[in-house]
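Each remark here refers to the structure printed beneath this line.
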Amino acid sequence: MLTWWLCVQFQKQGKDVERVKQRLAEIANYVDKFYRVLNIRVALVGLEVWSDADKCPVTQDPFNTLHEFLDWRKVKLLPTKSHDNAQLISGVYFQGTTIGMAPIMSMCTVEQSGGIVMDHSDNPLGAAVTLAHELGHNFGMNHDTPERGCGCRMTVDRGGCIMTPSTGYPFPTVFSTCSKKDLAASLEKGVGMCLYNMPEVKVLYGGQKCGNGYVEEGEECDCGELEECMNPCCNATTCTLKGNAVCAHGQCCEDCRLKPAGTPCRESSNSCDLPEFCTGANPHCPANVYLHDGHSCHNVDGYCYNGICQTHEQQCITLWGPGAKPAPGICFERVNSAGDPYGNCGKDSKGSFAKCEARDAKCGKIQCQGGANRPVIGTNAVSIETNIPLQEGGRILCRGTHVYLGDDMPDPGLVLAGTKCGEGMMCLNRQCQNVSVFGVHQCSGKCSGRGVCNNLENCHCEVHWAPPFCERAGFGGSLDSGPMRLAADSRVVAVAILATLLSLMGAGFLVFLKRKTLVRLLFTNKKTTMEKLRYSRTPPPTPVFTLIRLSWR
C-alpha cells in the first residue's frame with residue numbers, strides 16, 4: 001500500500017477551498033483505481049492547499065520546480081507528516097510541452113519520492129492520468145515507446161495506455177504490459193520498500209467509510225463493497241468479523257485464524273532486504289525492514305541505500321542491455337570533468353551543468369562498455385562515445401548516454417544515489433562520500449557479532465539469538481521483524497529437553513536399582529558362604545562341594 005500526500009497551489013477553481021479539496025479527492029480516487037489492477041492501493045493520507053503563499057518556489061521551469069518541491073518535502077514535510085510519496089499539483093503552466101515531471105525509480109526514497117503535475121484540464125481525470133504517469137516513473141516505469149513492443153488493451157483512439165510518452169484526449173486509464181514488467185523488475189530490485197507497510201488508517205483523507213477497503217477505527221474488517229467482497233471472514237455490510245473469526249485480512253491470517261508466531265510472511269526481495277515473520281498476535285505482517293544504509297550488500301559488491309543495492313554494473317545493463325559493464329575509472333574522470341550535457345555531476349543552483357571533481361567522477365554520468373550497439377531504453381536515448389588515448393599507447397572507448405526520454409524525467413544517465421564509488425564510499429548528492437556518515441558501524445557494533453543492523457537501527461539477530469542485542473539465546477529476528485523461528489519450535493525444544501531429562505532420570509534410576517540388587521546379592525551370598533563355612537567346621541571333616549551362583553539382573 002502506498003501512502004501519499006497531495007499539495008496544490010490555490011490558483012484555480014475560483015478560490016474556493018472546498019471545491020479544490022473535492023477536486024483533489026476525485027483525482028486521488030482515480031489514481032487509486034488505476035493502480036488497483038497492479039495490486040497496489042494508493043491511500044491519500046494528507047492534502048494541503050497553499051492558499052496564502054507557495055511553500056517552495058514554483059516557476060515555469062519544471063526542473064527547478066521539481067528540485068525545490070522535493071527539497072521542501074525532505075526538509076519540511078516528511079519530518080512532520082509520515083508518507084511514502086508526495087505530489088504537487090500546480091496551476092502554473094510549465095515551459096515547453098511538459099505537464100509533469102518525476103525522478104525514475106525513486107519511490108519511497110527520502111530525497112526523490114515525489115513529482116510535480118500541471119493541472120492542465122478542467123476534467124479531474126486529466127490531472128489524475130498525469131499524476132499516475134509520474135507515479136509510474138517513481139515506480140521505475142519507462143515510456144511505452146514503439147520499439148519496446150508494448151501490449152496495450154486500449155487502442156490509441158480510445159486513449160492508449162498511461163505510460164505513453166504524450167497523452168491526449170480521450171485520457172488513458174490502463175497500464176501496458178511494458179509498465180507491468182518495469183514495475184515487477186523495480187520491485188525485485190528493492191524499489192518501493194515502503195509499499196509493504198500498513199498505514200495508520202486514522203489519518204486517511206476523506207473520513208471513515210465501511211466498504212472502502214481500509215480497516216478504519218471502529219471496524220473489525222473491510223472487504224470493500226457488498227458486490228465485490230469475497231472474504232469469508234468479513235461481513236461486508238457491517239465491517240465486522242463473521243462468527244468465530246479472529247481475523248479477516250493480512251498475510252498472517254489464514255482461514256480466519258492467526259498464523260503461529262515465526263511463520264514467514266515476507267521473504268527478502270533482494271540483497272539488502274530482511275525477512276519478516278508473523279508475531280502470532282497480529283494478522284498483518286510486520287512493517288518491511290531492510291539493512292541499514294551503508295551496510296555491505298549480501299553477495300554483491302556494493303552498499304545498501306534505501307533498501308537497494310545500487311551498482312554501476314546494474315545501471316550499465318539497464319542502459320545497454322546484457323553484456324554491458326562499467327568503463328574504467330579514467331572514462332568517468334575525463335568525461336565528467338567537462339561540465340556539459342554529456343559529462344557532468346548534475347546541475348548547480350543556477351541550472352548550469354556542474355563539472356565533477358576527480359573524487360566525485362563516478363557519481364556523474366554513467367560510463368559503460370559492451371552491451372548493445374545503442375541504448376536499449378528507447379529511441380530518445382543516444383550513444384555518446386569518447387575515445388581516450390592512454391599514456392602507454394592505444395585508446396580506450398567510453399560509452400555514455402544522452403537520454404531524451406521526454407520532458408517529464410530528469411536525466412536517467414546519471415549515476416544513481418547510493419552507488420558504490422570506492423571502498424567504503426557511495427554516491428550522495430553527486431559526491432563520493434564515506435558510508436560512515438550513516439553510522440552503520442556503530443549500529444552493527446551493538447549486535448554482539450550475531451546480527452546486522454536494520455534501517456530502524458535495531459539488531460536483526462541470527463536464528464538462535466534474541467533481540468534486542470543478540471546476546472541471549474532466542475529465536476532470531478528483530479524487535480521489528482518478528483521471531484525467525486516458529487513458536488512450535490519452542491514446544492519441540494521443550495519436549496526434547498523434557499524427554500532427555502526423563503531419559504537421564506530413568507537411566508539413573510535403573511543404575512541405582514542394579515547397584516542395589518548387586519549389593520544385596522553380594523551381601524546375601526557372602527553371609528550364606530560364611531555360615532556354611534562355620535557349620536562345616538563342627539562335624540568331622542568330610543569332603544564338601546559348595547556351588548555359589550550369583551544372579552545379575
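Quick note, in my numbering, the sequence shown goes up one by one and the last residue is 553.
All C-beta atoms, glycine included, are put in the ideal place defined by N, C-alpha and C.
Rounded to the nearest whole angstrom, the CA to CA distance from Gly329 to Lys362 is 7 Å. Out of Thr401, Thr240, Lys21, the CA that lies nearest to the CA of Leu44 is found in Lys21.
By the Cβ rule, the region 344 to 355 does not count as touching the region 307 to 325, because fewer than three pairs are nearer than 8 Å. The shortest CA-to-CA distance from Gly149 to any of Thr279, Gly126, Thr177, Phe139 is the one to Thr177. Setting aside the 5 residues that flank it on each side, Leu47 is surrounded in the same chain by Leu6, Lys21, Leu24, Tyr205, each with a C-beta closer than 7 Å to its C-beta; the list follows chain order. With 16 or more other Cβ atoms from the protein chains shown falling within 10 Å of its own Cβ, Arg430 counts as buried. Spanning the alpha carbons of Pro172 and Glu147 requires a straight line of approximately 20 Å. Glu220 is positioned such that its CB atom lies no closer than 8 Å to that of Thr237. Excluding the 5 residues flanking it on each side, Asp182 has same chain C-beta neighbours closer than 7 Å at Gly140, Met141, Asn142, in chain order.
If you ignore the 5 residues before and after Gln251, its C-beta comes within less than 6 Å of the C-beta of Cys265, Cys285, all in its own chain and listed in chain order. If one requires a minimum length of 3 residues, the beta strand (DSSP E) runs lying completely within the region 54 to 104 are 85 to 90, in chain order.
Val20: member of the alpha helix (DSSP H) spanning 17 to 36, first to last residue. Looking at the DSSP output, Gln369 bridges to Lys325.
Between the C-alpha atoms of Phe438 and Gly159 there is a straight-line separation of about 46 Å. Ranked by Cα distance from Ser296, the options Gly418, Pro260, Lys355 are led by Gly418.
In this model, Gln60 and Phe94 are separated by some 4 Å (Cα to Cα).
Between the beta-carbon of Asn455 and that of His292 there is about 6 Å, and that keeps the pair under the 8 Å contact cut. If you check the CB distance, Gly126 and Phe69 do not come in under 8 Å. Thr145 and Phe277 have their C-alpha atoms roughly 41 Å apart.
Here the region 438 to 447 makes no contact with the region 223 to 233; the two share fewer than three CB pairs at distances below 8 Å. In the three-state reduction of the DSSP assignment, Asp348 falls in the coil class. Short of 6 Å from the beta carbon of Cys108, and not among the five residues preceding or following it, lie these beta carbons of its own chain, in chain order: Asp84, Gly192, Met193, Cys194.
Distance from the CA of Cys309 to the CA of Tyr303, rounded to the nearest whole angstrom, comes to 6 Å. Comparing alpha-carbon positions, the option among Ser481, Cys56, Asp360 lying closest to Asn282 turns out to be Ser481. When DSSP reads this structure, Lys420 sits in a beta bridge with Met426.
Cα atoms of Glu392 and Met426: separation of roughly 30 Å, rounded to the nearest angstrom. With a cut-off of 8 Å on Cβ pairs, the region 369 to 377 is not in contact with the region 334 to 347, counting fewer than three such pairs.
Counting only runs that start and end inside the region 278 to 339, the alpha helix (DSSP H) elements of at least 4 residues fall at 312 to 320, 329 to 336.
Boundaries of the beta strand (DSSP E) harbouring Pro389: 381 to 389, taken from the DSSP string.
Counting other Cβ atoms within 10 Å of its Cβ, Pro341 stays below 16 and is therefore classed as exposed.
Taking 8 Å as the cut-off, the Cβ atoms of Cys398 and Ala327 count as close.
Counting along the chain, the unbroken alpha helix (DSSP H) around Glu134 starts and ends at 124 to 138. Residue environment for Ala102: buried (at least 16 other C-beta atoms within 10 angstroms of its C-beta).
Around the C-beta of Glu188, fewer than 16 other C-beta atoms lie within 10 Å, and the residue is accordingly described as exposed. Gly451 sits close to Cys470, with the two beta carbons spaced by under 8 Å. The closest CA to that of Lys355, considering only Gln369, Gly371, Cys368, Ala338, is found on Ala338.
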